[in-house]
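Worksheet for the structure shown next.
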Amino acid sequence: MSRPPGPDTDTDTAERLRQALGPVTVTRDTALGGGFANSTRLLELADGRRLVLKTAPPESAPALTYERGLLGTEALFHRLAARAGVRVPAVLHHEPAGPRAPAEWLLLSHLDGTTWDAARDRISPADRAALRRELGESLARIAAVTGPAHGYPRPAAGLSAPDWPTAFTAMLHAVLGDARRFGVALPAPDGVLADLPRRFGRRLAEVRRPALVHFDAWEGNVVLGRTGDDRWHLAGLIDGERAFFGDPLAELVGLDPFGAAEDDPDLMAGYRSVAPLPALGPGARTRLALYRVHLALVMRVEAVPRAYDGGFATWLDTWSTGRVAEQLAVLDALAPEA
Numbered sequence: 000m001s002r003p004p005g006p007d008t009d010t011d012t013a014e015r016l017r018q019a020l021g022p023v024t025v026t027r028d029t030a031l032g033g034g035f036a037n038s039t040r041l042l043e044l045a046d047g048r049r050l051v052l053k054t055a056p057p058e059s060a061p062a063l064t065y066e067r068g069l070l071g072t073e074a075l076f077h078r079l080a081a082r083a084g085v086r087v088p089a090v091l092h093h094e095p096a097g098p099r100a101p102a103e104w105l106l107l108s109h110l111d112g113t114t115w116d117a118a119r120d121r122i123s124p125a126d127r128a129a130l131r132r133e134l135g136e137s138l139a140r141i142a143a144v145t146g147p148a149h150g151y152p153r154p155a156a157g158l159s160a161p162d163w164p165t166a167f168t169a170m171l172h173a174v175l176g177d178a179r180r181f182g183v184a185l186p187a188p189d190g191v192l193a194d195l196p197r198r199f200g201r202r203l204a205e206v207r208r209p210a211l212v213h214f215d216a217w218e219g220n221v222v223l224g225r226t227g228d229d230r231w232h233l234a235g236l237i238d239g240e241r242a243f244f245g246d247p248l249a250e251l252v253g254l255d256p257f258g259a260a261e262d263d264p265d266l267m268a269g270y271r272s273v274a275p276l277p278a279l280g281p282g283a284r285t286r287l288a289l290y291r292v293h294l295a296l297v298m299r300v301e302a303v304p305r306a307y308d309g310g311f312a313t314w315l316d317t318w319s320t321g322r323v324a325e326q327l328a329v330l331d332a333l334a335p336e337a
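For reference, each letter of the sequence shown is one residue, going 0 to 337 in numbering that gives the first Met the number 0.
Okay, here's the thing in structure tokens:
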């Protein structure tokens, strides 16, 4: 939905822009879809700039534990990724909730282009292969960034630790706690799921460095542009609000929640052209299965606070049940080696 051109669209927006940029005039204010955690608007200014304003919901709104302080995480991710040479929106201003702001908000530059999922049917196989290599290169540069601790970076979430096994345990247990809080039926016994980090702790402990992980780099969060010869290229990554520090292998799960990105030769070639990735032996395959269980649980549980309904909610329940069962079977098969 777009508001007509005119002076600053509302007092809150005008004040936020004044804090960040000084006096400016908004000529168009358009609500952007596709997000669930935050309100997102495209602001077009009289000087030609296009900005994105993201506003968090009230702190009383239902949300998963890890979603506390998401916009602060996004601001941190974009700043760190930009320093690593990855194309991301520029952070113009971030304001936590407090006396100056009833809700947390974030102002970003806008990445021009189209998202990969919107352009999918227009991308040739050759361009797709090249794009997957570019994406792999960008993810490797992101993973080269080292955080101060493992887990989610914002203190509000309370999900960080000095080592990866402890952080991942907290992350998984938080989702299980969210399931109980929202009355979500789990696809496997709570005790079986809660015990996974202990059962496979030796494999989690193989991760020593807290690497930056976007964890949501699916095609809807990858922006594409066209070159002068009409070829597609990677214009940048958006929506870094789910980022954490931990195992760089987790990136392969977040960018393809329904498949196995490690089987994509172009993506892996692009990644390995920038940085090494652990060989996909028993340890790596064990951790990938753990992260797939975790992500399937997140997607299942978040359906309640996001109020999914209808066919998609039914499909998500069915899919997540199958995905968790599939990955638990993988873990059982790997257990003698773990």
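Think of the CB as a built atom: it goes at the ideal place given N, C-alpha and C, for glycine as much as any other residue.
Restricting to Cα atoms, I'd like to know which of the options is closest to residue i.
{"i": "Asp246", "options": "Val329, Tyr290, Arg305", "result": "Tyr290"}
{"i": "Glu73", "options": "Glu103, Leu44, Glu58", "result": "Glu103"}
{"i": "His92", "options": "Pro101, Gly71, Leu110", "result": "Gly71"}
{"i": "Phe181", "options": "Val90, Ala118, Gly253, Leu296", "result": "Leu296"}
{"i": "Arg286", "options": "Leu251, Gly310, Asp262, Leu107", "result": "Leu251"}
{"i": "Thr24", "options": "Met170, Arg15, Ala30", "result": "Arg15"}
{"i": "Asp53", "options": "Thr26, Leu20, Ser108", "result": "What sits at residue 53 in the sequence shown is Lys, not Asp. Among Thr26, Leu20, Ser108, the Cα nearest to that of Lys53 belongs to Ser108."}
{"i": "Phe243", "options": "Gly150, Asp265, Gly157", "result": "Gly150"}
{"i": "Phe199", "options": "Leu31, Ala288, Leu20, Asp308", "result": "Ala288"}
{"i": "Ala283", "options": "Ala204, Ala324, Pro256, Trp217", "result": "Ala204"}
{"i": "Thr29", "options": "Gly135, Pro22, Glu43", "result": "Glu43"}
{"i": "Pro256", "options": "Pro264, Glu218, Ala268, Leu266", "result": "Glu218"}
{"i": "Val183", "options": "Leu171, Phe214, Arg299", "result": "Arg299"}
{"i": "Arg241", "options": "Ser319, Ala169, Tyr65", "result": "Tyr65"}
{"i": "Leu266", "options": "Pro335, Gly32, Glu133", "result": "Glu133"}
Here's the rule: buried if 16 or more other CB atoms are within 10 angstroms of the residue's CB, otherwise exposed. What is residue i?
{"i": "Leu152", "result": "In the sequence under discussion, the amino acid at residue 152 is Pro, which differs from the Leu named in the question. Burial call: buried."}
{"i": "Gln326", "result": "buried"}
{"i": "Arg17", "result": "exposed"}
{"i": "Asp46", "result": "exposed"}
{"i": "Ser59", "result": "exposed"}
{"i": "Gly68", "result": "buried"}
{"i": "Gly125", "result": "First, the amino acid is wrong: residue 125 is Ala here, not Gly. By the neighbour-count rule (16 or more Cβ atoms within 10 Å), Ala125 is not buried but exposed."}
{"i": "Pro188", "result": "exposed"}
{"i": "Ser137", "result": "buried"}
{"i": "Thr313", "result": "exposed"}
{"i": "Arg225", "result": "exposed"}
{"i": "Met0", "result": "Summary for Met0: the model assigns pLDDT 32, below 50, so the residue's position carries little reliability; its value from the coordinates is reported in the next sentence. Met0 is exposed by the Cβ-count criterion."}
{"i": "Pro6", "result": "Reliability fails at Pro6, whose pLDDT of 34 lies under 50, so the model's placement of it is uncertain and no value is given."}
{"i": "Arg119", "result": "exposed"}
For residue i, does the three-state DSSP call read helix, strand or coil?
{"i": "Ala30", "result": "strand"}
{"i": "Asp11", "result": "helix"}
{"i": "Leu20", "result": "helix"}
{"i": "Arg40", "result": "strand"}
{"i": "Leu185", "result": "coil"}
{"i": "Ala74", "result": "helix"}
{"i": "Met0", "result": "Only weak support is given to the placement of Met0: the predicted model assigns it a pLDDT of 32, under 50, and the value that follows is read from those uncertain coordinates. Met0 falls in the coil class under three-state DSSP."}
{"i": "Arg97", "result": "The sequence given here has Gly at residue 97, not Arg. Three-state result, Gly97: strand."}
{"i": "Ser108", "result": "strand"}
{"i": "Gly5", "result": "Legend: pLDDT at Gly5 = 34, less than 50; position of this residue unreliable, value from coordinates given subsequently. Three-state result, Gly5: coil."}
{"i": "Gly321", "result": "helix"}
{"i": "Arg49", "result": "strand"}
{"i": "Ala328", "result": "helix"}
{"i": "Leu91", "result": "strand"}
{"i": "Ala302", "result": "coil"}
{"i": "Ala344", "result": "Since the first and last residues shown for the chain are 0 and 337, residue 344 lies out of range."}
{"i": "Val206", "result": "coil"}
{"i": "Leu211", "result": "strand"}
{"i": "Val174", "result": "helix"}
{"i": "Val85", "result": "coil"}
Checklist entry - What are the uninterrupted segments assigned as alpha helix (DSSP H) that are 4 or more residues long and contained completely in the region 117 to 172, given in chain order? => result Here the runs fully enclosed are 124 to 142.
Item to check | Continuous alpha helix (DSSP H) assignments of at least 4 residues falling wholly in the region 213 to 300 | outcome: For secondary structure counted as the alpha helix (DSSP H) over 4 or more consecutive residues, the region 213 to 300 holds these complete runs in sequence order: 249 to 253, 264 to 271, 281 to 300.
Next on the checklist: With three or more C-beta pairs closer than 8 Å as the rule, is the region 147 to 164 touching the region 206 to 214?
Outcome noted: The region 206 to 214, when compared against the region 147 to 164, does touch it at the 8 Å Cβ threshold.
Checklist entry - Can at least three beta-carbon pairs, one atom from the region 177 to 192 and one from the region 302 to 319, be found at a separation below 8 Å? => result Proximity of the region 177 to 192 to the region 302 to 319 meets the contact definition, three or more beta-carbon pairs being nearer than 8 Å.
Item to check | Touching by the beta-carbon criterion (3+ pairs, under 8 Å), the region 133 to 146 and the region 278 to 286 | outcome: Because the criterion of three Cβ pairs below 8 Å is not met, the region 133 to 146 and the region 278 to 286 do not touch.
Next on the checklist: Check whether the region 193 to 202 and the region 223 to 239 are in contact - that is, three or more C-beta pairs closer than 8 Å.
Outcome noted: With the cut-off at 8 Å, the region 193 to 202 and the region 223 to 239 do not touch.
Checklist entry - For the region 315 to 335 against the region 74 to 89, are there 3 or more C-beta pairs whose distance is under 8 Å? => result Touching, no.
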